[in-house]
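Participant: I'd like to ask you about the structure that follows.
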Amino acid sequence: MHDQSSLPYDVVIAGAGPVGLFLACELRLAGLHVLVLEQARDPHSALKQLPFGLRGLSVPTLEAFHRRDLLEGLVAAQQRASGAIKSAAHWMQQARRPAGHFAGIQFYQDNIDVAKWPWRLPTPADANFAVDMETLESVLAARACSIGVDIRRGFGVNAIIASDNEVSVEAAGESFRGRWLVGCDGGRSTVRKLSGFDFVGTDPEFTGYSVEIELADPEKLRPGRNYTPTGMYTFAQPGTIAMVDFDGGAFHRAEPITREHVQSVLRNVSGTDVTINALRLAATWTDRAHQATTYRKGRVCLAGDAAHIHSPLSGQGLNLGLGDAMNLGWKLAATIRRRAPADLLDTYSRERHPVGAQILDWSRAQVAIMRPTPSARALQAIIRDLVETRDGATYFAERVRGVSLRYDLGNGHPLVGRSVPDFKLADGTTVGELLRTAKGLLLDFSAHASLRALASRWGDRITYVAGEARDRLGLSAVLVRPDGIVAWASDGAGDVEEAARAAARWFGD
């Protein structure tokens with residue numbers, strides 16, 4: 003057991019966005035003392051609200067929320083705004099049910115072959131789900147506060163002193179000490195910069211704009227997403243526009259965004275002489291794609307946009323960050339509690355860095371076919387043909403939804419490294435419910451005495467459950483990490499020695 007008497011906090015988290023709040027909840031589930039420092043005094047922002055704050059949640063994100071008893075509350079909060087969300091999401095107005103898009107090229111649910119995903123069972127996490135950032139943050143903040151997380155707003159980090167045993171953080175003229183520091187403070191992360199992380203990648207090709215405007219002549223713009231000889235724009239009446247101007251990212255944060263400038267860009271991108279009467283809200287963004295070379299340096303870790311940034315195309319950034327938090331939380335908690343193998347925390351960067359790199363490349367690929375060039379338009383035509391095929395739509399869906407996520411945990415059963423199916427036991431209990439304590443899980447469908455004995459060695463870290471499942475997918479036993487990732491699986495009597503090695507690998511001796 004660790005001694006909490008010498009330091010006020012086990013973990014200090016910079017950033018009270020969804021990633022920082024979810025990580026705080028994960029750490030608090032393990033009984034740790036957690037402080038969250040947030041630079042902004044007010045959590046409310048027009049850019050977090052509809053329409054610009056709308057985000058789609060991937061399958062791994064929904065599974066994580068389901069496994070921590072957050073999904074039901076989030077769904078209830080989202081349903082109260084379902085009408086506004088449908089109005090904000092232009093793609094929901096289509097006759098065919100959309101399943102996602104790649105650079106704005108839609109693919110549809112009726113083309114997806116779920117038989118290609120053999121290791122999935124029906125789960126509440128399967129539904130397409132969109133929520134605004136303000137609602138998501140409010141649900142996570144409420145959970146964090148209810149379980150004892152200390153959240154302080156108006157405290158932006160401005161200095162860090164890290165030693166072998168602790169980290170001291172200066173914020174708003176005060177000093178806070180903890181065993182570990184995690185930067186969840188966004189793409190311009192102060193924690194990342196002050197801690198000396200290398201942040202490498204590719205520079206932007208465009209400036210993106212999200213604007214709410216009053217138009218004198220909205221009939222001059224075509225609703226929906228439109229590619230033009232000079233760029234791309236998406237228009238939802240009466241005056242919501244997203245557009246990209248391939249200027250090399252020159253305008254992003256370069257000067258104030260004025261009505262005259264937005265009108266000039268819109269006219270150029272749309273090829274019309276449309277007139278803007280009033281600019282109500284505006285923000286810019288780019289396709290700059292950078293990633294920290296490692297997500298940990300000593301007692302400082304990074305998660306979310308602090309670790310990786312890219313364009314918001316396909317809405318992958320939020321999901322990527324929440325996946326970081328789910329992966330890091332239990333590993334950092336076990337390390338602090340001295341219940342972890344020596345290299346457990348190193349697996350955070352080893353597992354999540356490749357996932358981040360893949361998402362950055364996914365973003366870059368979309369930018370490549372959005373360029374206003376003949377070659378990009380030719381590539382678009384090919385992608386449009388592909389997404390209308392069953393195999394093509396299934397491929398894009400599994401990438402966008404995160405169904406294909408698998409960590410490289412070495413050789414073994416094909417389920418190892420994947421998300422555990424949401425098995426339903428004979429009494430109606432599901433795996434999602436069994437993971438709510440954030441402990442490991444050993445499912446023993448055939449009630450092997452040897453597996454019961456094995457689980458007793460890690461009784462404080464692994465929940466052992468014996469019993470038949472309504473559909474066990476031909477499996478005999480499954481060992482699951484606290485984040486819902488399968489560490490070992492058997493479709494026979496089970497190799498108990500192999501199971502023991504997997505348990506020691508993830509839960510210590």
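Using my numbering, read the sequence shown as starting at 3 and increasing by one per residue. Yeah, the Cβ is synthetic: ideal placement off N, Cα and C, and Gly gets one too. Computed from a prediction, not measured in an experiment: that's the story for all the values here.
Between the Cα of ALA42 and those of LEU52, ALA79, ARG154, spot the shortest distance and give me the residue it belongs to.
Facilitator: The residue with the shortest Cα to Cα distance from ALA42 is ARG154.
Participant: Closest to ARG408 by CA distance: which of GLY106, GLN360, VAL389, GLY494 is it?
Facilitator: Here the closest residue by C-alpha is GLN360.
Participant: Examine the Cβ distances between the region 168-188 and the region 29-48 and report whether three or more of them are shorter than 8 Å.
Facilitator: Yes, the region 168-188 is in contact with the region 29-48.
Participant: Return the CA-CA distance between LEU268 and TRP287, expressed in angstroms with no decimal places.
Facilitator: Answer to the nearest angstrom: the Cα atoms are 15 Å apart.
Participant: Run through DSSP, which three-state label would GLN41 get?
Facilitator: Coil, per DSSP.
Participant: Look up TRP93 in the DSSP assignment and say whether it is helix, strand or coil.
Facilitator: Low local confidence applies: a pLDDT of 49 at TRP93 is under 50, so the model's placement there is unreliable, with the coordinate-based value given in what follows. Note: TRP93 maps to helix in three-state DSSP.
Participant: What does the Cβ neighbour count give for ILE384, buried or exposed, with the cut at 16 atoms within 10 Å?
Facilitator: Answer is exposed; the Cβ neighbour count stays below 16.
Participant: Take the Cβ of LEU411 as the centre, count every other Cβ of all protein chains shown within 10 Å, and call the residue buried at 16 or more, exposed below.
Facilitator: By the neighbour-count rule (16 or more Cβ atoms within 10 Å), LEU411 is buried.
Participant: Would ILE215 be called buried (16 or more neighbouring beta carbons within 10 Å of its own) or exposed?
Facilitator: With 16 or more other Cβ atoms within 10 Å, it is buried.
Participant: By Cβ distance, which residues of its chain are closer than 6 Å to ALA285, with the 5 residues on each side in sequence left out?
Facilitator: The answer, listed in chain order, is LEU49, SER212.
Participant: Which residue or residues does DSSP assign as beta-bridge partners of TRP490?
Facilitator: Looking at the DSSP assignment, TRP490 forms a beta bridge with LEU481.
Participant: Quick check: the region 444-454 against the region 463-470, are at least 3 beta-carbon pairs closer than 8 Å?
Facilitator: Output reads yes: the region 444-454 touches the region 463-470.
Participant: For ALA506, which residues in the same chain have their Cβ closer than 8 Å to its Cβ, ignoring the five residues on either side in sequence?
Facilitator: So the qualifying residues of the chain are PRO343.
Participant: THR232 lies in the beta strand (DSSP E); which residues open and close that run?
Facilitator: Per DSSP, THR232 belongs to no beta strand (DSSP E) and is neither H nor E.
Participant: Give me whichever residues DSSP pairs with CYS303 in a beta bridge.
Facilitator: VAL184, ARG298, per the DSSP bridge assignment.
Participant: Going by other Cβ atoms of all chains shown within 10 Å of its Cβ, with 16 needed for buried, is GLU499 buried or exposed?
Facilitator: So GLU499 counts as exposed.
Participant: Does the pairing of the region 366-384 with the region 392-401 give three or more beta-carbon distances under 8 Å?
Facilitator: Touching, no.
Participant: Identify every residue that forms a DSSP beta bridge with ALA471.
Facilitator: According to DSSP, which records beta bridges pairwise, ALA471 is partnered with LEU427.
Participant: On the premise that PHE131 lies in contact with LEU59, defined as a C-beta separation below 8 Å, what is that separation, rounded to the nearest angstrom?
Facilitator: Correct: roughly 5 Å between the Cβ atoms.
Participant: Please list the terminal residues of the continuous alpha helix (DSSP H) segment that includes TRP460.
Facilitator: No alpha helix (DSSP H) contains TRP460, which DSSP labels as neither H nor E.
Participant: Between the Cα of ILE464 and the Cα atoms of SER452, PHE509, SER492, which residue gives the shortest distance?
Facilitator: Checked all of SER452, PHE509, SER492; the closest Cα to ILE464 is PHE509.
Participant: When you compare each of ALA327, VAL159, GLY150 to GLY306 by their alpha carbons, which one comes out closest?
Facilitator: It is ALA327 whose Cα lies nearest to the Cα of GLY306.
Participant: How do the region 121-135 and the region 424-438 stand: do at least 3 beta-carbon pairs fall below 8 Å, yes or no?
Facilitator: Touching, yes.
Participant: Going by beta carbon distance, what residues of the same chain come within less than 6 Å of GLY17, once the five residues before and after it are set aside?
Facilitator: These residues qualify, in order along the chain: CYS186, ASP187.
Participant: Tell me which residue opens and which closes the beta strand (DSSP E) that HIS103 is part of.
Facilitator: Counting along the chain, the beta strand (DSSP E) containing HIS103 begins and ends at 100-104.
Participant: So, for ARG454: in the same chain, excluding its five sequence neighbours on each side, which residues have a beta-carbon less than 8 Å away from its beta-carbon?
Facilitator: Hits under 8 Å: ASP446, TYR466, ALA468.
Participant: For THR204, which residues in the same chain have their Cβ closer than 6 Å to its Cβ, ignoring the five residues on either side in sequence?
Facilitator: Around THR204: ALA291.
Participant: Can you list, in chain order, the stretches of the beta strand (DSSP E) that have 3 or more residues and sit fully within the region 156-200?
Facilitator: Within the region 156-200, the complete beta strand (DSSP E) runs of at least 3 residues are 159-164, 169-173, 176-185.
Participant: Assign THR375 to one of two classes, buried (16 or more other C-beta atoms within 10 Å of its C-beta) or exposed (fewer than that).
Facilitator: Classification of THR375: exposed, given that the 10 Å Cβ count is below 16.
Participant: Excluding the five sequence neighbours on either side, which residues of its own chain have a C-beta within less than 8 Å of the C-beta of VAL482, listed in chain order?
Facilitator: Excluding sequence neighbours, VAL482 sits near VAL422, VAL433, LEU437, GLY442, LEU443, LEU444, LEU445, VAL488, ALA489.
Participant: Give me, in chain order, the residues of the same chain whose beta-carbon lies closer than 6 Å to that of ALA163; leave out the 5 immediate sequence neighbours on both sides.
Facilitator: As written in the sequence, residue 163 is Ile, which differs from the Ala given in the question. These residues qualify, in order along the chain: SER170.
Participant: Given this structure, state the Cα-to-Cα distance separating ALA256 from PHE248, to the nearest angstrom.
Facilitator: Taking the straight line joining both Cα atoms gives about 15 Å.
Participant: Can you tell me whether ILE149 is buried or exposed, with buried defined as 16 or more other CB within 10 angstroms of its CB?
Facilitator: Result: exposed.
Participant: Please confirm whether PRO20 and LEU138 have their CB atoms less than 7 Å apart.
Facilitator: Against a cut-off of 7 Å, the Cβ pair of LEU138 and PRO20 comes out as a contact.
Participant: Can you grab the Cα-Cα spacing for the pair LYS195 / LYS426, in whole Å?
Facilitator: If I take the Cα positions, the gap works out to 46 Å.
Participant: For a quick check, are the C-beta atoms of MET151 and ALA26 less than 7 Å apart?
Facilitator: The amino acid occupying residue 151 in the given sequence is Val; Met does not appear at that position. Closer than 7 Å, so yes.
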